[in-house]
Structure formats: structure tokens, C-alpha cells
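So the protein sequences, as listed, match chains A and B. Quick note: the first sequence uses our numbering, first residue 1093, plus one each step. Quick note: the second sequence uses our numbering, first residue 1093, plus one each step. Don't be surprised by glycine CBs; every beta carbon is placed ideally from N, CA and C. Just so it is clear, the structure is predicted and the values come from calculations on it, not from any experiment. A quick write-up on the structure given underneath.
There are 2 protein chains.
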Amino acid sequence: MSNGKHLAKGSTPPVLGNDGKLRLYSMRFCPYAQRVHLILDAKNIAYHTIYINLSEKPEWYFDKNPLGKVPALEVPGKENITLYESLVVADYIEEAFPDKQRKLYPSDPFKKAQDRILIERFNGAVISPYYRILFSSDGIPPGAITEFGTGLDIFETELKNRGTSYYGGDKPGMLDYMIWPWCERVDLLKFALGDKYELDKQRFGKLLQWRDLMEKDDAVQKSFLSTENHTKFLQSRKSGENNYDILS
Amino acid sequence: MSNGKHLAKGSTPPVLGNDGKLRLYSMRFCPYAQRVHLILDAKNIAYHTIYINLSEKPEWYFDKNPLGKVPALEVPGKENITLYESLVVADYIEEAFPDKQRKLYPSDPFKKAQDRILIERFNGAVISPYYRILFSSDGIPPGAITEFGTGLDIFETELKNRGTSYYGGDKPGMLDYMIWPWCERVDLLKFALGDKYELDKQRFGKLLQWRDLMEKDDAVQKSFLSTENHTKFLQSRKSGENNYDILS
């Protein structure tokens, strides 16, 4: 992942030449965009990253993506139409680059469907209470912390039942990468819950082992940010400053 | 689709024998469950339907599906684990039964991704304002009718650009079937908006032609309910009676 600046209103679209590489429109701290970086990096696919300032979106960006969202993926030869929705883009990459060594879904459609169900459940069971804890203006909503723990229980139990280091087996697969961005950011909860917050080492033993392994994964390393850096951006966001280039 | 009764609390799980058929847990009026009926019927796959009373869920159903949701699909040989989430189940069927003549996604991964993006957009752009119009307790929320129309515009334009009768080409494909259940129910808006409500014949000309064609599709016919029957259930739902067996 490059450290380029985020393009904003008044910018001109980057000129990249016809080198046949994919172009990923991203934001350095966006967990949904990170999903797509992870899949491209896991499959060793070369691509350009173009960072977008989401508070002051470049006018030209709406020609690339009518919703102005990131992540969005531009495929050479299909200019002026981007693919978006992080899960759809991740699945697209998996299907469009089957020749790459790394297969991220189980071959059995039933097992693949089970992984996709868990990706969906992570949304409601973990991501949703996570954001409610972090961003509620009125203090932490009652029940949100319990709900967050109960959500993580599902993933602790699943990893235990699979008996493997990763959800994908002996290497991270699609499920690992799709849930990773929020797991990388879990210690951000200290921001809302105080410095003593930590995941219970007994209750989430497998998940914590998994997190340590994931942090060392080559693909994860390429987009990884420390809790300190995530916190810097969160503070900038909460202050209304939204400094996307805080690390540049 | 059968006309069996909806099983409720206190019922016993149905005994179906080992005939190798898929088992679909459904609710007669649920548009998400209808998505899965449509895919199974489009591909001419034989299956059993077990209707679940969603207000008084059978105790045994939580062993089949921890969330107690419909649709859920049980695959012979994989008892006690169901697949759920309508889009995941639809994709599973498409992948697990590739030998069936009917292919519901484009072969090109890029085009497939575009269809999946439109399915996601339908959620936010059409289904969301649809339910806000129909179920707001305080009258129709400002802007919801405009939003609903703007959402449908996307699908009108898309069909015009494709220049085909169906989104899937000369036959309905995944996108057609995934958005159909709410299009079948569109005249239910009369319930909230009054008898004179209708889709603008100029603005939505292509969509209305498409709707007429879809109504005649064999797979659609198998689960189709008239606006009159959808209205009966809606009334029963709004009154708190929730009579799932209103047509039996």
C-alpha cells in the first residue's frame, strides 16, 4: 500500500498510463477498502492505489463511481466503470484471477457458502456493535459491549471447531481477510472504553492466537497500521478535521 | 410452492424420508424466501418446502438454524446445518448445480460483479424506501416516495442500456430473480399511498414491460401471489394477527 496523498476536490484524475494494472480507489484508513487491498496482496496482483479524500471528494471521482464510495476497482480496458461493494469486489478478484496460485475460498460450494454466511454474520454481530461503541455521541449504548463479545464468541467457537490456525486452514482465506480489518482495529476500543480494555485471554484464546498469526501474514503486513496510527486518524475524525494524510 | 401450513411452537419437525431432495425452510409471504424458491424453480431442482411461523417459531427450528431465520436451506447428507442469507443461498444453488441447463449469472466475472452490485443497490435504493413507505408508524416519511422512484430509475435505465427484455438477456437471470419479489409486491404501496397509486408508465416503461414478462415466467408463476393476496397478509400483519396461513 503506497503512502500517496488523498486526492480531493479540485484535483485532476491521476494519469497512470496503459500498463494493464488494476486501479484501486481507496482511503488509507477505510476497513472496507483494506479488504480489497488484502485480497490483491494475498494473490500477488500488481495494482495502483489512488487515495480519495472522502470528506472533499474530487469532482471527477463521480464519473468513476456514481456513489462516490471506496473501495472501487477499475479494470484496464473497462475504463469509466468501476466495481464497488467490498465483498463483490473481493469475489470478483477471486473469480477473475483463478490462475493465481492462491485460492481463497473452499472448493466445495457448501463450505464456501458457510464462509460467506460467517462474513455476513460478522457484519451484524461484530462490526455493528463495534461502531456503536466507538461512535455513539451519547456514551456507550447499553448492551453494546455484551453484544460485541457475543459476536466474537461466534468466531472463537468457529475457529475452535475448525481446529485450524486460520479459518481458511493452514493459510488465511477469504473469511480471514474479510474480517481482519476490524480485528486489526479492535484495540481502538480503548478510545471508548479506557486504557484497561483488552480482549479476555481465556474467552478469546483462539482468536488472539489467530490475530498474532495474521499480523505476520505478508498480505496483512502490506496494509497494516498500528493501533497508535489508527487512533491518530480516529482522533482526527472525531475532531471533525478528517486528516486523511495524517501519516503522509 | 406448496400450500402447507406454517409450523409453529409445539410442532414436531417434519419427517421427510431420505429422498435426496433439498429442504427449504420458508414463509409463504417472505420476499427473501421467495428469492430462493425462484432460483430452485428456475433451475428445475426438486425440493421440499417447510413453512415456518415466524411469530411463534418452532422450538426445533433453532437446531436447524441458530438465528431462526428464513430462508434456510438443508442439503441432504448435511443435516443439522442449514445455509441461510438469501443471496448466499441463491449463489450456493447456482454453484452447486452447475450441471443444470439454466445458468443465472453471466460467465464473464466482470459482468457477474456488475449484476451483484445492482442486487446490492436494489437493497438500499428500492427495498429500504419501500419498507419505510409501507411500515412507518407516523405516516409516510418525507422524501421516501421520491427516493423510491429514484431507486427504480436506476433499474429502468439499466434495462434500457442493456437493450434486452430481461436483465439476464433473453431469459431472467440472477438479477431478475433477486429483485422480483419486491416488484411483485409493488402495488402493495396502494395500501399506504391510496388506490390511485401506480408506477408512471412513461418513466418506468421498460420496467413495466419487464414486469409483465416476468409474471409469465414459469419459475415466477410457481410462487406468484396476486396483490390482493399480498394485501390480505399485510393487513393481517398490520393488525398484529400475523396469519401466515391466510391462504391455506
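Just to make sure I have the definition right: I need the residues of chain B whose C-beta is within less than 8 Å of the C-beta of residue i. Which are they?
i, result
"L1175/A", "F1202, A1205, Q1206 and I1209"
Do residue i and residue j have their C-beta atoms within less than 8 Å of each other?
i, j, result
"R1273/A", "A1134/A", "Correcting the residue type first, residue 1273/A is Pro in the shown sequence and not Arg. No. Outside cutoff."
"L1280/A", "T1319/A", "yes"
"I1211/B", "M1306/B", "no"
"L1299/A", "K1293/A", "no"
"A1284/B", "I1225/B", "yes"
"S1315/A", "K1097/A", "no"
"Y1176/A", "N1157/A", "yes"
"L1108/A", "V1167/A", "no"
"L1116/B", "P1150/B", "no"
Run through the DSSP bridge pairs and tell me what residue i is partnered with.
i, result
"H1140/B", "R1115/B"
"T1174/B", "E1166/B"
"Y1258/B", "G1261/B"
"L1099/A", "I1144/A"
For residue i, which of the options has the nearest alpha-carbon?
i, options, result
"G1260/A", "T1242/A, F1202/A, D1245/A and L1196/A", "L1196/A"
"D1310/B", "G1102/B, K1324/B, H1129/B and G1096/B", "H1129/B"
"S1220/B", "T1238/B, A1205/B and V1312/B", "T1238/B"
"D1245/A", "P1233/A, G1255/A, F1214/A and G1231/A", "F1214/A"
"L1159/A", "F1121/B, A1217/B and P1233/B", "A1217/B"
"Y1153/B", "K1101/B, K1170/B, H1140/B and Y1223/B", "K1101/B"
"L1317/B", "L1116/B, K1252/B, I1338/B and K1330/B", "I1338/B"
"N1286/A", "D1155/A, G1231/A and E1187/A", "It is worth fixing the name first, because residue 1286/A is Gly in this sequence and not Asn. Checking every option, the nearest Cα to that of G1286/A belongs to G1231/A."
"G1297/B", "K1149/B, L1251/B, I1209/B and R1115/B", "L1251/B"
"Y1223/B", "A1188/B, P1123/B and E1187/B", "P1123/B"
"T1174/A", "F1189/A, E1187/A, I1209/A and S1118/A", "S1118/A"
Please report the distance separating the alpha-carbon of residue i from that of residue j.
i, j, result
"Y1258/B", "I1137/B", "22 Å"
"C1275/B", "R1303/B", "7 Å"
"L1267/A", "D1207/A", "6 Å"
"V1312/A", "V1278/A", "15 Å"
"A1164/A", "F1202/B", "13 Å"
"F1240/A", "Q1327/A", "22 Å"
"K1204/B", "Y1184/A", "8 Å"
"E1248/B", "K1161/B", "32 Å"
"R1254/A", "N1172/B", "17 Å"
"G1169/A", "G1112/A", "8 Å"
"S1147/B", "R1194/B", "36 Å"
"Y1289/A", "K1282/A", "6 Å"
"Y1336/B", "F1325/B", "7 Å"
"P1106/B", "I1142/B", "8 Å"
"E1333/A", "P1234/A", "29 Å"
"F1121/A", "R1127/A", "11 Å"
"A1236/B", "S1199/A", "43 Å"
"H1140/B", "I1131/B", "14 Å"
"L1179/B", "T1104/B", "29 Å"
"S1229/A", "S1331/A", "12 Å"
"H1322/A", "F1227/A", "14 Å"
"A1188/A", "I1209/A", "22 Å"
"R1329/B", "D1262/A", "49 Å"
"D1155/A", "D1155/B", "49 Å"
"K1308/A", "T1256/A", "17 Å"
"R1295/B", "N1110/B", "51 Å"
"A1125/A", "A1125/B", "31 Å"
"D1191/A", "P1190/B", "20 Å"
Mind pulling the chain A residues with CB within less than 8 Å of residue i?
i, result
"V1167/B", "F1202"
"V1180/B", "A1205, R1208, I1209 and E1212"
"Y1139/B", "Near Y1139/B there are no residues of chain A at all, since even the closest Cβ is about 15 Å away, more than 8 Å."
"Y1269/B", "What Y1269/B touches in chain A: nothing, since even the nearest Cβ is about 17 Å away."
For a contact meaning CB atoms closer than 7 Å, what does residue i contact in chain B?
i, result
"K1170/A", "F1202"
"A1164/A", "The premise fails here: A1164/A is roughly 10 Å from chain B at the closest Cβ pair, so nothing lies under 7 Å."
"Y1124/A", "Near Y1124/A there are no residues of chain B at all, since even the closest Cβ is about 13 Å away, more than 7 Å."
"Y1223/A", "Within 7 Å Cβ-Cβ: nothing; Y1223/A doesn't reach chain B, min ~17 Å."
"Y1289/A", "Correct list: empty, because the minimum Cβ distance to chain B is about 28 Å."
Name, please, each residue of chain A whose Cβ falls closer than 9 Å to the Cβ of residue i.
i, result
"E1187/B", "P1201, K1204 and A1205"
Closer than 9 Å by beta-carbon distance: list the chain B residues that pair up with residue i, in chain order.
i, result
"Y1259/A", "Within 9 Å Cβ-Cβ: nothing; Y1259/A doesn't reach chain B, min ~16 Å."
"Y1117/A", "Those within 9 Å of Y1117/A in chain B number zero; the least Cβ separation is about 14 Å."
"Y1143/A", "Under the 9 Å cutoff, chain B gives no residues; its nearest Cβ is about 22 Å from Y1143/A."
Quick one: which chain A residues come within Cβ less than 7 Å of residue i?
i, result
"Y1336/B", "Those do not exist, as Y1336/B stays about 25 Å from chain A at its closest Cβ, beyond 7 Å."
Shorter than 8 Å from the beta carbon of residue i to some beta carbon of chain D?
i, result
"L1116/A", "This model lacks chain D altogether; the protein chains it does include are A and B."
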